[in-house]
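> To start, I am sharing the structure in question, which I have written as structure tokens.
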Amino acid sequence: MKGRGNYWTQGLHRAYTRRQVLGGAVKAGLGLTGLSILGCAATPAASTPTKAPAAPPSPATPTVAAPRATPTPAAKVLDQLVVALGRDIPTLDGHPQPTHADGANFYDLVYDALTVLDRDFKLAPSLATSWKPSPDGKVWEVKLRTGVKFHNGEEFDAETVKFNIERTQKPELKAGQLIYWKDVGVEVVAKDTVRIIYKEPYPLLPNRLALVNVVPRQYIQANGDKIMAEKPIGTGPYKFVKWVKDDNFEIEWAGTSHFRVANPPAKRIIHKVIPAEIGRIAALKTGLVDIISSVAPELLKEITDDPNLGALVQPASSVPHISISLFKEGPLRDKRVRQALNYAIDRQTIVKELFGGLYSVMNTLAIPLCFGYDATVPGYPYDPKKAKDLLAEAGYPKGFEMVYTLPSRAYPKYKEYNQAIANYWGEIGVKTTIKPETASPSEWALPLRRDNKGPDGVYAGAGSCGGTFDMEDVLGTSLVNWDPKAGTGNTQYIEDAELDRLIMATKTTVDPEARRKLFAQALRRINEEAYAISLWTMTYNQGYNKKKIKVFRPRGYILAPWDIEVA
1245 MKGRGNYWTQ GLHRAYTRRQ VLGGAVKAGL GLTGLSILGC AATPAASTPT KAPAAPPSPA
1305 TPTVAAPRAT PTPAAKVLDQ LVVALGRDIP TLDGHPQPTH ADGANFYDLV YDALTVLDRD
1365 FKLAPSLATS WKPSPDGKVW EVKLRTGVKF HNGEEFDAET VKFNIERTQK PELKAGQLIY
1425 WKDVGVEVVA KDTVRIIYKE PYPLLPNRLA LVNVVPRQYI QANGDKIMAE KPIGTGPYKF
1485 VKWVKDDNFE IEWAGTSHFR VANPPAKRII HKVIPAEIGR IAALKTGLVD IISSVAPELL
1545 KEITDDPNLG ALVQPASSVP HISISLFKEG PLRDKRVRQA LNYAIDRQTI VKELFGGLYS
1605 VMNTLAIPLC FGYDATVPGY PYDPKKAKDL LAEAGYPKGF EMVYTLPSRA YPKYKEYNQA
1665 IANYWGEIGV KTTIKPETAS PSEWALPLRR DNKGPDGVYA GAGSCGGTFD MEDVLGTSLV
1725 NWDPKAGTGN TQYIEDAELD RLIMATKTTV DPEARRKLFA QALRRINEEA YAISLWTMTY
1785 NQGYNKKKIK VFRPRGYILA PWDIEVA
């Protein structure tokens, strides 16, 4: 793969020749009818480091892009649009799980955030219209959009923003973003202006605001926090109708023009939960649903062979990895054992056999678009002999036993690829007991860590910078040392002062090149210590009904109204 370009560095929405598309599709065993490919990610093989690709501008830059013009309204408006997802959302409340992939299809439509990443992954205004840091980088003054009301008529203002950030700071809420807000102060300057105050410089504040789903202050103060998990209210283009857990959730157009979208493609959007991929495809073919998510690469042909259906293949922002817990005394606390687990997996064969070569092996925990990504970090090529030698050197010549937990994930071939990994470990003498979990990784691992009861063994995880496109989203919570007060940090029981120093320094360093170097050092330390096992890139594969939908252009997994033009 040496010398091949990278989708992220060549432009997200460039045109592809038929030859380029055909080559990628043939490799993956895909048909072409109705198939649209925005890009095929290609990263260096584990043994072939290359020059790091150019990263996006520093998030500290205070320049604010003007809002993009609202797309031309759809010529038609459907009464309803039905979307099939692979799993349910974890909660209706916008604060505890704001980055849940499938949940984003609810949060991004019912709530507005203060800022937003647009289709080109550039920071743009939303409920906040501009932002500017103080000379020392510790205080950000944020101007707010005026005239915005919640679905119940409550006004959005600076007091709302103060309330939202302080609510996110409440430990009992267990907000996923708590680690970024726990020591932050908010000062109301005027009805349309707030100051956000840090103890140290914080360059990523504008990006972080994109993950604050704004909820109504007076409504929650009158009804309590739990009301948002029962009857949520936001300022988004759609409002909540109902939720039948593990079955479906419905939203409907809020009834007025919205600053993010003038007119809806549908008056009502119903999201159905259909866990089985074949079931989602069957529902699409029979017209029971209009859009489906999470289509496995080898099943795309089922869609592209049907002239009434279209498929969209987009590189994802997540990199699956395996977390290694140091909770108990034993083999996993030995670096040589962790390195052996890395060397034992033939990632290239898994990618070829299970994903038709559509994915690419990754050496680090994030995609190249993440600010701080370093393509020169060496990986772990498949070398079972070296893996066995390392085990013997560590005192385990006959291997050992461990638990391999699989939290709930809607990834293609999730069970199959993890079983393949377990089989590779078996070949070097490491016997694994696979333990499926119904909860998501954070829902399963965080409570165990907070109660000091685990997790144990190894477990499937993933790193994504899709919220801010900064490496902090990958390292800032999942690898930083555990904070007992906040109840956040790494769930692997890693206690590495040097790694923690590097990660924490990225949070307060304003200079972009200095931040980039700190991230590179952190990634190399994670790699050398083998705290995790990076796997491969992924794609978001979606199908849609061409009879109803003329244009379908979601950003990753988020299916928003401005992504759809009705046929």
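So the sequence shown is numbered by the working numbering: it starts at 1245 and just counts up by one.
Note that beta-carbon positions come from the ideal geometry of N, C-alpha and C, so glycine has one too.
Note that the structure is predicted; figures quoted are calculated from it, not measured.
Would you call the stretch 1743 to 1751 and the stretch 1704 to 1724 touching, i.e. three or more CB-CB distances under 8 angstroms?
Yes, since at least three Cβ pairs between the stretch 1743 to 1751 and the stretch 1704 to 1724 fall closer than 8 angstroms, the two stretches touch.
> Which whole-angstrom value describes the C-beta separation of V1621 and N1734, a residue pair presumed to lie in contact below a C-beta threshold of 8 angstroms?
Between N1734 and V1621 the Cβ distance is about 19 angstroms, and since that is not below 8 angstroms, they are no contact.
> According to DSSP, which residues form a beta bridge with D1401?
For D1401, which the question treats as bridged, DSSP gives no partner whatsoever.
> Under 8 angstroms between the Cβ atoms of G1330 and P1541?
Result no, Cβ atoms of G1330 and P1541 do not sit closer than 8 angstroms.
> In the DSSP assignment, find the unbroken alpha helix (DSSP H) run with A1466 in it and report its ends.
Element bounds for A1466: 1461 to 1467.
> Beta carbon of V1326, beta carbon of D1490: below 8 angstroms?
No. Outside cutoff.
> Quick check: what's the CA-CA separation for E1637 versus R1580?
Roughly 8 angstroms separates the two Cα atoms.
> Using CA atoms only, rank isn't needed, just tell me which of K1792, V1795, Y1788 is closest to D1549.
Among K1792, V1795, Y1788, the Cα nearest to that of D1549 is on Y1788.
> Alpha helix (DSSP H) containing R1745: first to last residue?
Here the alpha helix (DSSP H) through R1745 covers 1741 to 1752.
> Quick check: what's the CA-CA separation for A1434 versus L1585?
Rounded to whole angstroms, A1434 to L1585 spans 56 angstroms at the Cα level.
> Between R1312 and the rest of its own chain, which residues show a CB-CB distance below 7 angstroms, the 5 nearest in sequence each way excluded?
Because R1312 sits at a pLDDT of 43, beneath the cut-off of 50, its placement in the model cannot be relied upon, and the point is left open.
> If you count every other CB in all the chains shown that lies within 10 Å of the CB of N1607, and 16 or more means buried, which is it?
Buried: at least 16 other Cβ atoms inside 10 Å.
> So L1634 and Q1583 are in contact, right, with Cβ under 8 angstroms, and what is the actual spacing, rounded?
Indeed, because the Cβ distance is near 6 angstroms, the residues count as touching under 8 angstroms.
> Using a threshold of 8 angstroms, state whether the C-beta atoms of A1357 and V1456 are closer than that.
In this structure, V1456 lies closer than 8 angstroms to A1357 by Cβ.
> Examine the Cβ distances between the stretch 1414 to 1423 and the stretch 1477 to 1487 and report whether three or more of them are shorter than 8 angstroms.
At 8 angstroms Cβ cutoff, the stretches do not touch.
> Below 6 angstroms CB to CB, which residues in the same chain sit around R1577 once its five sequence neighbours on both sides are set aside?
Only L1570 meet the Cβ criterion.
> Buried or exposed for D1332, please, with buried defined as at least 16 other CB atoms from any protein chain shown within 10 angstroms of its CB.
Buried, since its Cβ has 16 or more Cβ neighbours within 10 Å.
> What residue ranges within the stretch 1480 to 1566 form continuous beta strand (DSSP E) runs of no fewer than 3 residues, ordered along the chain?
Entirely contained in the stretch 1480 to 1566, the beta strand (DSSP E) runs reaching 3 residues are, in chain order, 1482 to 1488, 1492 to 1497, 1510 to 1517, 1553 to 1559.
> At which residues does the alpha helix (DSSP H) containing Q1736 begin and terminate?
Taken as a continuous stretch (DSSP letters only), Q1736 belongs to no alpha helix (DSSP H), as it is neither H nor E.
> Identify every residue that forms a DSSP beta bridge with P1447.
Looking at the DSSP assignment, P1447 forms no beta bridge with any residue, so it has no partner.
> Can you name, in chain order, every residue of its own chain whose Cβ lies under 6 angstroms from the Cβ of D1653, other than the five neighbours on each side?
Note on residue identity: the sequence assigns Arg, not Asp, to residue 1653. Excluding positions up to five away in sequence, the list is empty.
> Taking the alpha carbon of K1443 as the point to measure from, which residue in K1387, V1432, S1378 has its own alpha carbon closest?
Looking at the Cα atoms, S1378 is the closest of the given residues.
> Give the DSSP-derived three-state secondary structure of K1794 in the structure shown.
DSSP places K1794 in strand when its eight states are reduced to three.
> Please classify R1745 as buried or exposed, where buried requires at least 16 other C-beta atoms within 10 Å of its C-beta.
Under this definition R1745 is an exposed residue.
> Where does L1353 sit, in a helix, a strand or coil, going by DSSP?
Reduced to three states, the DSSP call for L1353 is helix.
> How do the stretch 1397 to 1409 and the stretch 1505 to 1513 stand: do at least 3 beta-carbon pairs fall below 8 angstroms, yes or no?
With the cut-off at 8 angstroms, the stretch 1397 to 1409 and the stretch 1505 to 1513 do not touch.
> Determine the DSSP secondary structure at I1770, reduced to helix, strand or coil.
Looking at I1770 - three-state DSSP - the assignment turns out to be helix.
> Among the candidates A1766, P1756, W1375, P1340, whose CA atom is the shortest distance from the CA of T1412?
Out of A1766, P1756, W1375, P1340, P1340 has the C-alpha closest to the C-alpha of T1412.
> Does the beta-carbon of P1559 have 16 or more other beta-carbons within 10 angstroms, so that it is buried, or is it exposed?
With 16 or more other Cβ atoms within 10 Å, it is buried.
> Just list the residues that DSSP pairs G1705 with in beta bridges.
G1705 is bridged to H1565.
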